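In the order they appear, the protein sequences are chains X and W. This note's numbering applies: residue 4 is where the first sequence begins, and numbers increase by one. This note's numbering applies: residue 7 is where the second sequence begins, and numbers increase by one. Here's the structure we're looking at; comments come further down.
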Amino acid sequence: TSAVMAVVCGRGLLAPLSGRLWAGPRVPLRSVAAAAPLYDVVVSGGGMVGSAMAAVLGHDIHFHDKKIALLEAGPRKEYDRMPDSYSNRVSSISPGSATLLSSFGAWDHVCSLRLKPFRRMQVWDACSEAMIVFEKDDLDDMGYIVENDVIMSALTKQLDAVADQVEVFYRSRAVGYTWPLPSYSCDTSPWVQIELADGRRLQTKLLIGADGHNSVVRKEAEIKNIEHRYDQSAVVATLHLSEATDNNVAWQRFLPTGPIALLPLSDTASSLVWSTSHEHASELLTMDEESFVDSINSAFWSNINHSDFIDTAGAMFRSAVSLLKPSGTAVRQLPPSIAKVDPDSRAMFPLGMGHATEYVRHRVALIGDAAHRVHPLAGQGVNLGFGDIACLAHHLSAAAFNGSDLGSLKHLLKFETERQRHNVSLIAATDVLKRLYSTRLAPLVLLRTWGLQATNALPPVKVRI
Amino acid sequence: QLSLFRLTLKRFFSTSHPSVDLKEMKKFQRLAHKWWDEEGEYSALHSMNDIRVPFIRDTLLNMSSNYHLGNPLSGVRILDVGCGGGLLSEPLGRLGASVTGIDPLEDNIRTADQHKSFDPVLAERIQYKSSSLEEIVEESMETFDVIVASEVVEHVADLEMFIKCCSRVLKPEGSLFITTINKTQLSYVLGIVVAEKIMGIVPEGTHEWEKFVPPEELERLLESNGLSVKTVNGMLYNPLSGSWSWMESTSVNYAMHAVKSGLQGQSSPTDVPSEMESEQPSATAGTTM
Numbered sequence: 004t005s006a007v008m009a010v011v012c013g014r015g016l017l018a019p020l021s022g023r024l025w026a027g028p029r030v031p032l033r034s035v036a037a038a039a040p041l042y043d044v045v046v047s048g049g050g051m052v053g054s055a056m057a058a059v060l061g062h063d064i065h066f067h068d069k070k071i072a073l074l075e076a077g078p079r080k081e082y083d084r085m086p087d088s089y090s091n092r093v094s095s096i097s098p099g100s101a102t103l104l105s106s107f108g109a110w111d112h113v114c115s116l117r118l119k120p121f122r123r124m125q126v127w128d129a130c131s132e133a134m135i136v137f138e139k140d141d142l143d144d145m146g147y148i149v150e151n152d153v154i155m156s157a158l159t160k161q162l163d164a165v166a167d168q169v170e171v172f173y174r175s176r177a178v179g180y181t182w183p184l185p186s187y188s189c190d191t192s193p194w195v196q197i198e199l200a201d202g203r204r205l206q207t208k209l210l211i212g213a214d215g216h217n218s219v220v221r222k223e224a225e226i227k228n229i230e231h232r233y234d235q236s237a238v239v240a241t242l243h244l245s246e247a248t249d250n251n252v253a254w255q256r257f258l259p260t261g262p263i264a265l266l267p268l269s270d271t272a273s274s275l276v277w278s279t280s281h282e283h284a285s286e287l288l289t290m291d292e293e294s295f296v297d298s299i300n301s302a303f304w305s306n307i308n309h310s311d312f313i314d315t316a317g318a319m320f321r322s323a324v325s326l327l328k329p330s331g332t333a334v335r336q337l338p339p340s341i342a343k344v345d346p347d348s349r350a351m352f353p354l355g356m357g358h359a360t361e362y363v364r365h366r367v368a369l370i371g372d373a374a375h376r377v378h379p380l381a382g383q384g385v386n387l388g389f390g391d392i393a394c395l396a397h398h399l400s401a402a403a404f405n406g407s408d409l410g411s412l413k414h415l416l417k418f419e420t421e422r423q424r425h426n427v428s429l430i431a432a433t434d435v436l437k438r439l440y441s442t443r444l445a446p447l448v449l450l451r452t453w454g455l456q457a458t459n460a461l462p463p464v465k466v467r468i
Numbered sequence: 007q008l009s010l011f012r013l014t015l016k017r018f019f020s021t022s023h024p025s026v027d028l029k030e031m032k033k034f035q036r037l038a039h040k041w042w043d044e045e046g047e048y049s050a051l052h053s054m055n056d057i058r059v060p061f062i063r064d065t066l067l068n069m070s071s072n073y074h075l076g077n078p079l080s081g082v083r084i085l086d087v088g089c090g091g092g093l094l095s096e097p098l099g100r101l102g103a104s105v106t107g108i109d110p111l112e113d114n115i116r117t118a119d120q121h122k123s124f125d126p127v128l129a130e131r132i133q134y135k136s137s138s139l140e141e142i143v144e145e146s147m148e149t150f151d152v153i154v155a156s157e158v159v160e161h162v163a164d165l166e167m168f169i170k171c172c173s174r175v176l177k178p179e180g181s182l183f184i185t186t187i188n189k190t191q192l193s194y195v196l197g198i199v200v201a202e203k204i205m206g207i208v209p210e211g212t213h214e215w216e217k218f219v220p221p222e223e224l225e226r227l228l229e230s231n232g233l234s235v236k237t238v239n240g241m242l243y244n245p246l247s248g249s250w251s252w253m254e255s256t257s258v259n260y261a262m263h264a265v266k267s268g269l270q271g272q273s274s275p276t277d278v279p280s281e282m283e284s285e286q287p288s289a290t291a292g293t294t295m
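Dropping the structure here:
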């Protein structure tokens, strides 16, 4: 019990460690080391990415006899059935992420709660007619819109299923970390020491930081983070359509102030993600429901930002393309119109971008937003995190089956190389797109108009996206 | 005075323990504290785990049908001869085996004991002893399922005696794994000149070309002592990537797996029907994986 732990640990009730014990006098930690329980892996942060990481490892056959702990500051989240109204925090789940979730049985739970597959994505500009449509040739699902609460509930269930391997500490926040020296020294503990807010202590052979874009693990490890706050906030809400429809298209229109997206939840409801300036976002939150709905419809339908010049230039380009490649322009569908918004479903949160220069250290690995943070315009955020999990779990599984020390940099660096290679280009591209689309200046609009039209006409480029 | 006492003890060792070469021991004394620095003098041995542990693991799993992938070597008793700082004992222990690690150098054993002490699972599964192989033969007749002698036979004084002792402490049908260096022109160039003198992959003076063992000779010694050679594989170290890989040719480093013959007339207790070993050593040519 934690009371016994605190007594035995002695220093447990003192102020949190600063975590900067790399230089300076080292306290012989043998007596404390004997008391604090030792885990093979501790995942700090029980959000979607942290919980999925713990669940994947817990279900891995080579981790059958290992001890894993998951630290989550909040309470346990589980639903047997969802409330009738939709939550305003949703994610676009790629087919790859769905595969990962089904590899340990979580996707079945998601499907039994609720989700919305979409077949098509239409993206267009507010300043011109340029449009790009994404869809799979074989009419497969392109992705799924799932409420974050649904994902969390499914993950909680699958964590319960491996309770022998994974111990979940709810309402537990880590306040201090003590790092071991990289090369072996005889009188100090080689493990990472973790101190919780309530004074309990843990030790681990590998610490995985999944604690979000303000990651404490990353800060305490003094890993440099390249970050940038956008002048934008995202407004989210749950919307009801004017009429029921085969709601299987994801819509995104780039306005000069930022992209507005409509993600299908059901045949009658969609989720709004509108990235715009902080001031406009606050306005949207405070205005009455009718004005709010009008703003959304106007954002999707109005041509106020078009200029004759751009329209003509765009039309010329389009005719040129259709000469070269007759099938190169797709049918433009019309987005649904909105009738009303769910009361109390409007919320906003600031947007930024971030990328950690290192994903790993000796006995430490960062995944999810702790490692990289993107603008929601590409719908990639959580998918990058799930991709991190698949890669790290693969390397840890092999390491466990080789009898290796789980915290060894050898395999952690392989994870870092693979993921940085994948993530950096996507994060950079998202950032460039965000900046490119934040302007009305004619040359840049023309550039992106032609660019979008060209991309729409070129299958190889589209498939890569 | 303590050092004088220990010197006397060591001298006593060398006459009754011909597998221990005093000169060799002195070489390793200096580096007894460097074992666990993964980027240090022993980095090549650390990275050798990436191929020798799967080799041992998969060979043993292929011979058995009753194991759990979460604890693949559970119930297997392994003797790690010349365990040094425990670089190979620890991964084998993590895979579930009960490991006894022996090394004639006390400082090595001390380092190994200290390193395992922080992990309660390993502390229980691995026992280290400062001892030569001869010393434990009497009390450990036919005790071990597996003996591992990795990067050791090129350091022993009397190889035939070493192999005889291995055979005595191995259970019938037990496995012996050896990794060592061939005695060829190439192994002189790569193993001594390049590895020691030029690139410093191995501390200078660690190896003596005269003591390298060609696989043919090792095979002959094993077969004539009741151990049937099942596998011989060449190994190659890439100094640029710091990693090992398998290769066809055994002209530099190689690994060997041999199995002790079962007692005649006794049916083998293993789950998978294995070849019935006869009294005569089988004329097995070296097979590759």
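Beta carbons: idealized from backbone N, C-alpha and C, even for Gly. Quick caveat, the model's predicted, so the values are computed rather than measured.
- Message: For the segment 189-207 of chain X against the segment 41-50 of chain X, do three or more pairs of beta-carbon atoms, one drawn from each stretch, fall closer than 8 Å, so that the two count as touching?
- Response: Flag = yes, the segment 189-207 of chain X and the segment 41-50 of chain X touch.
- Query: What's the C-alpha gap between residue 243 of chain X and residue 254 of chain X?
  - Reply: The straight-line gap from Cα to Cα measures roughly 15 Å.
- Task: With 7 Å as the threshold, decide whether the Cβ of residue 61 of chain W is near any Cβ in chain X.
- Result: For residue 61 of chain W, no CB of chain X lies under 7 Å from its own CB, so it is not counted at the interface with that chain.
- Could you please give the first and the last residue of the uninterrupted alpha helix (DSSP H) stretch that includes residue 227 of chain W? That run of the alpha helix (DSSP H) goes 221-229.
- Alpha carbon to alpha carbon, what distance is there between residue 272 of chain X and residue 65 of chain X? For residue 65 of chain X and residue 272 of chain X, the distance between alpha carbons rounds to 43 Å.
- Message: Can you give me the C-alpha to C-alpha distance between residue 339 of chain X and residue 424 of chain X, rounded to a whole angstrom?
- Response: Looking at the two C-alpha atoms, the distance is approximately 38 Å.
- Closer than 7 Å, CB to CB, is residue 405 of chain X near chain W or not? So yes, residue 405 of chain X belongs to the interface.
- Message: Could you check whether the Cβ of residue 339 of chain X sits closer than 7 Å to any Cβ belonging to chain W?
- Response: No, residue 339 of chain X lies away from the interface with chain W (no Cβ there is under 7 Å from its Cβ).
- For chain X, find out if any of its Cβ atoms is closer than 7 Å to the Cβ of residue 101 of chain W; answer yes or no. It does; some Cβ of chain X falls within 7 Å.
- Going along chain W in order, which residues have a C-beta closer than 7 Å to the C-beta of residue 64 of chain X? Near residue 64 of chain X (Cβ distances below 7 Å), the residues of chain W are 75 and 76.
- Check whether the Cβ atoms of residue 421 of chain X and residue 394 of chain X sit closer than 7 Å, and answer yes or no. Their beta carbons are under 7 Å apart, which means residue 421 of chain X touches residue 394 of chain X by this criterion.
- Task: For residue 192 of chain X, go through chain W and note every residue whose CB falls closer than 8 Å to its CB, in chain order.
- Result: The CB of residue 192 of chain X comes closer than 8 Å to the CB of 124 in chain W, given here in chain order.
- Near residue 400 of chain X, what residues of its chain come up, given a Cβ to Cβ distance below 6 Å and the 5 sequence neighbours on each side ignored? Around residue 400 of chain X: 63 and 65.
- Should residue 352 of chain X be labelled buried (16 or more other beta-carbon atoms within 10 Å of its own) or exposed? Residue 352 of chain X comes out exposed.
- Pairwise C-alpha distance: residue 344 of chain X and residue 458 of chain X: The alpha-carbon of residue 458 of chain X is positioned some 34 Å away from that of residue 344 of chain X.
- Query: residue 76 of chain X to residue 247 of chain W, Cα distance in whole Å?
  - Reply: One C-alpha to the other measures close to 42 Å.
- Item | CA-to-CA distance, residue 214 of chain X to residue 155 of chain X, given in whole angstroms | Per the coordinates, the alpha-carbon of residue 155 of chain X lies some 15 Å from the alpha-carbon of residue 214 of chain X.
- Query: So which residues of chain X does residue 1 of chain W contact, with C-beta pairs closer than 9 Å?
  - Reply: What the structure shows of chain W is the stretch from 7 to 295, and residue 1 of chain W is not part of that stretch, so it cannot be assessed.
- Query: On the three-state DSSP scale, how would you describe residue 446 of chain X?
  - Reply: The DSSP-derived three-state label of residue 446 of chain X is helix.
- Item | Any beta strand (DSSP E) of 3 or more consecutive residues that is wholly inside the segment 285-344 of chain X | For the segment 285-344 of chain X, whole beta strand (DSSP E) runs of length 3 or above, ordered along the chain, are 341-344.
- Query: What do you reckon, are the CB atoms on residue 128 of chain W and residue 122 of chain W nearer than 7 Å?
  - Reply: Less than 7 Å separates the beta-carbon of residue 128 of chain W from that of residue 122 of chain W.
- If we count the other Cβ atoms within 10 Å of its Cβ and call it buried at 16 or more, is residue 191 of chain W buried or exposed? Counting other Cβ atoms within 10 Å of its Cβ, residue 191 of chain W stays below 16 and is therefore classed as exposed.
- Item | Any chain W beta carbon closer than 7 Å to residue 397 of chain X | Between residue 397 of chain X and chain W, the shortest Cβ-Cβ separation is not below 7 Å.
- Query: For residue 110 of chain X, does the count of other Cβ atoms within 10 angstroms reach 16, so buried, or fall short, so exposed?
  - Reply: The Cβ neighbour count for residue 110 of chain X, taken over all protein chains shown within 10 Å, is at least 16; the residue is labelled buried.
- Query: How many angstroms separate the CA atom of residue 306 of chain W from the CA atom of residue 263 of chain W?
  - Reply: Lying outside 7 to 295, the shown extent of chain W, residue 306 of chain W is not represented and no answer is given.
- Would you please verify whether the beta carbon of residue 68 of chain X is less than 7 Å from any beta carbon of chain W? Closer than 7 Å: yes.
- Message: Would you say residue 209 of chain W lies against chain X (beta-carbon separation less than 7 Å)?
- Response: Not closer than 7 Å to any Cβ of chain X, the Cβ of residue 209 of chain W fails to qualify, so no.
- Task: Please decide whether residue 245 of chain W counts as near chain X, where near means a Cβ-Cβ distance under 7 Å.
- Result: No, because no Cβ of chain X sits closer than 7 Å to the Cβ of residue 245 of chain W.
- Item | Residue closest to residue 219 of chain X, alpha-carbon to alpha-carbon, out of X:387, X:456, X:406 and X:368 | Its Cα nearest to that of residue 219 of chain X, the residue X:368 stands out among X:387, X:456, X:406 and X:368.
- 7 Å Cβ cut-off: residues of chain W touching residue 209 of chain X: Neighbours of residue 209 of chain X in chain W, taken as residues whose beta carbon is under 7 Å from its own, are absent, since the nearest beta carbon is some 13 Å off.
- Distance CB(residue 147 of chain X)-CB(residue 96 of chain X) smaller than 7 Å: A contact, by the Cβ cut-off of 7 Å.
- Query: residue 99 of chain W and residue 86 of chain W: beta carbons closer than 7 Å?
  - Reply: Judged by their CB atoms, residue 99 of chain W and residue 86 of chain W are not nearer to each other than the 7 Å cut-off.
- Query: Who are the neighbours of residue 97 of chain W on chain X, taking C-beta pairs under 7 Å?
  - Reply: Within 7 Å Cβ-Cβ: 405, 406 and 407.
- Message: Can you look up residue 100 of chain X in the DSSP assignment and give me helix, strand or coil?
- Response: In the three-state reduction of the DSSP assignment, residue 100 of chain X falls in the helix class, which pools H, G and I.
- Message: Run through chain X and tell me which residues come within less than 9 Å of residue 56 of chain W, C-beta to C-beta.
- Response: In chain order: 405, 407 and 413.
- With a floor of 4 residues, list each alpha helix (DSSP H) that falls wholly inside the segment 35-75 of chain W, ordered by position along the chain. For secondary structure counted as the alpha helix (DSSP H) over 4 or more consecutive residues, the segment 35-75 of chain W holds these complete runs in sequence order: 49-68.
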